[in-house]
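Below is one structure, written out as structure tokens, with a few remarks after it.
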Amino acid sequence: MAASLDDILQSHRTRRPVVMGILNVTPDSFADGGRFFDPAAAIERARQMAAEGADIIDVGAESTRPGSDRVSPAEQIRRLEEVLAGVAALGAAVSIDTTSAWVAEWALAAGAAIINDISAGRDDPAMFPLAARAGVPLVLMHMMGEPKSMQDAPRYDDVVAQVRQFLAGRVEAAVAAGVRRERCIVDPGIGFGKTAEHNLALLAGVASLCELGQPVLIGASRKRFIGAITGASEPDERLAGSLAAACAAYLGGASIFRVHDVAATRQALDVLRRIARVSPGM
Numbered sequence: 003m004a005a006s007l008d009d010i011l012q013s014h015r016t017r018r019p020v021v022m023g024i025l026n027v028t029p030d031s032f033a034d035g036g037r038f039f040d041p042a043a044a045i046e047r048a049r050q051m052a053a054e055g056a057d058i059i060d061v062g063a064e065s066t067r068p069g070s071d072r073v074s075p076a077e078q079i080r081r082l083e084e085v086l087a088g089v090a091a092l093g094a095a096v097s098i099d100t101t102s103a104w105v106a107e108w109a110l111a112a113g114a115a116i117i118n119d120i121s122a123g124r125d126d127p128a129m130f131p132l133a134a135r136a137g138v139p140l141v142l143m144h145m146m147g148e149p150k151s152m153q154d155a156p157r158y159d160d161v162v163a164q165v166r167q168f169l170a171g172r173v174e175a176a177v178a179a180g181v182r183r184e185r186c187i188v189d190p191g192i193g194f195g196k197t198a199e200h201n202l203a204l205l206a207g208v209a210s211l212c213e214l215g216q217p218v219l220i221g222a223s224r225k226r227f228i229g230a231i232t233g234a235s236e237p238d239e240r241l242a243g244s245l246a247a248a249c250a251a252y253l254g255g256a257s258i259f260r261v262h263d264v265a266a267t268r269q270a271l272d273v274l275r276r277i278a279r280v281s282p283g284m
């Protein structure tokens with residue numbers, strides 16, 4: 003059975019792994035650009051992910067791969083209007099992946115229940131007031147720069163400390179705008195303005211991020227740093243590395259995992275959770 007919103011928001015305490023399936027309604031996303039741009043294909047993919055054990059279907063209509071251009075709110079809604087209600091009817095919670103409060107408000111009316119904002123409320127000042135009024139969970143992600151330029155030589159003195167400080171600040175900003183603290187989820191933004199070494203440091207430092215007291219979401223699935231380590235040049239060749247990243251993050255305390263490969267991730271994390279139950283020191 004898919005997790006409820008309360009299950010998702012308590013997952014960092016219960017240690018129930020929450021799997022968020024990625025649904026890109028775009029022509030140009032890095033791992034599956036164009037495959038689910040057709041509304042019927044998108045809904046069928048969502049149905050498959052729900053059957054495979056996705057607790058959340060994360061629907062986005064704007065690619066945020068490195069070097070990507072922005073997509074207007076009107077175009078995002080046009081891409082979503084034949085998809086979102088059909089996805090929401092499948093049983094899993096739907097999150098809307100957007101930095102636009104206009105798109106988010108439209109999506110919530112169409113059946114979405116979570117806002118996933120990679121700008122952590124910085125792109126649109128109306129996002130936090132919307133989340134506060136709607137009372138929905140809000141994902142706040144760290145990103146250096148913007149997708150177009152975020153991979154242009156990113157630098158940090160201490161990436162874990164700096165990302166943690168940023169996320170703590172965005173949670174406080176959201177709370178000051180009326181969002182309930184217990185509805186904030188934090189995401190260190192693996193691959194968003196980070197080198198391979200930065201990503202590895204964040205995965206190794208998940209426990210520090212968990213000290214913020216919010217559920218931690220990790221989105222490492224099929225990303226370029228896995229290819230850099232393994233030599234797997236194509237995103238769909240990076241399943242094993244993606245599972246390793248998810249399992250390491252779970253052991254560090256993360257509880258929500260944004261992935262392309264739902265069935266494999268569900269199986270790996272469910273087994274790891276059972277092992278952890280009989281080995282509390284894990």
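Residue numbers (this note's numbering): 3 to 284.
We put the CB at the ideal spot given by N, CA and C, even for glycine.
Option nearest residue i by Cα separation, candidates the options
i, options, result
"ALA222", "VAL261, LEU214 and ALA234", "VAL261"
"ALA175", "ILE10, ALA122 and ILE59", "ALA122"
"MET145", "VAL96, ALA42, ASP125 and LEU132", "ASP125"
"ALA2", "ALA95, PRO127 and VAL89", "Given a span of 3 to 284 for the chain in the structure shown, any question on residue 2 remains unanswerable."
"ARG15", "ASP263, ALA256 and LEU140", "ALA256"
"VAL273", "ILE10, PRO19 and SER13", "PRO19"
"LEU204", "PRO217, GLY243 and ALA247", "ALA247"
"ALA250", "GLN12, ARG275, ASP238 and GLU83", "ARG275"
"ALA42", "ARG67, LEU86 and GLN164", "LEU86"
"LYS196", "VAL165, VAL138 and GLN216", "VAL165"
"GLN12", "SER235, GLY233, CYS212 and ALA242", "CYS212"
"PHE39", "ARG67, ALA111, MET129 and GLU84", "GLU84"
Exposed unless 16 or more other CB atoms sit within 10 angstroms - verdict on residue i
i, result
"PRO29", "exposed"
"ILE277", "exposed"
"GLY23", "buried"
"GLN167", "exposed"
"ALA178", "exposed"
"GLU107", "buried"
"GLY191", "buried"
"SER281", "exposed"
"ARG183", "exposed"
"ASP8", "exposed"
"ALA109", "buried"
"ARG135", "exposed"
"ALA56", "buried"
"ARG279", "exposed"
Own chain residues within Cβ distance below 8 Å of residue i, not counting five before or after
i, result
"GLY93", "ALA4 and ALA52"
"HIS200", "PRO156, TYR158 and VAL161"
"VAL89", "LEU25, ALA44, ILE45, ALA48, ILE59, VAL61, VAL96 and GLY113"
"ALA198", "ARG226, PHE227, ALA230 and ILE231"
"LYS137", "One detail in the question is off: residue 137 reads as Gly in this sequence, not Lys. Contacts found: ARG182 and ARG185."
Sequence-distant residues of the same chain with beta carbon closer than 6 Å to residue i, five excluded per side
i, result
"SER97", "ILE58, ASP60, ILE116 and ASN118"
"ARG224", "ALA33, PRO237, ARG240, SER244 and HIS262"
"ASP234", "The sequence as given places Ala at residue 234; Asp does not occur at that position. Cβ within range, chain order: ARG240."
"ASP99", "ASP60, GLY62 and ASN118"
"PRO217", "SER13, HIS14, ILE187, SER257 and ILE258"
"ARG81", "VAL27 and ALA63"
Integer Cβ distance of residue i from residue j, believed to fall under 8 Å
i, j, result
"ILE258", "PHE194", "No, ILE258 and PHE194 are not in contact; Cβ-Cβ is about 16 Å, not under 8 Å."
"ASP189", "LEU219", "4 Å"
"ARG185", "LEU140", "6 Å"
"ARG172", "LEU142", "5 Å"
"VAL181", "ALA133", "5 Å"
Other residues of its chain near residue i: CB distance less than 7 Å, five sequence neighbours each side excluded
i, result
"LEU245", "ALA266, THR267 and ALA270"
Below-8 Å beta-carbon distance, residue i vs any chain B residue
i, result
"GLN78", "The structure shown contains no chain B; it is built from a single protein chain."
Segment contact, 8 Å Cβ cut-off, at least three pairs: the stretch 71 to 78 with the stretch 49 to 57: The stretch 71 to 78 makes no contact with the stretch 49 to 57: fewer than 3 CB pairs, one atom from each, lie closer than 8 Å.
Stretch-stretch touch, CB-based, cutoff 8 Å, three pairs: the stretch 4 to 20 with the stretch 189 to 208: Three or more Cβ pairs closer than 8 Å define a contact, and the stretch 4 to 20 falls short of that threshold against the stretch 189 to 208.
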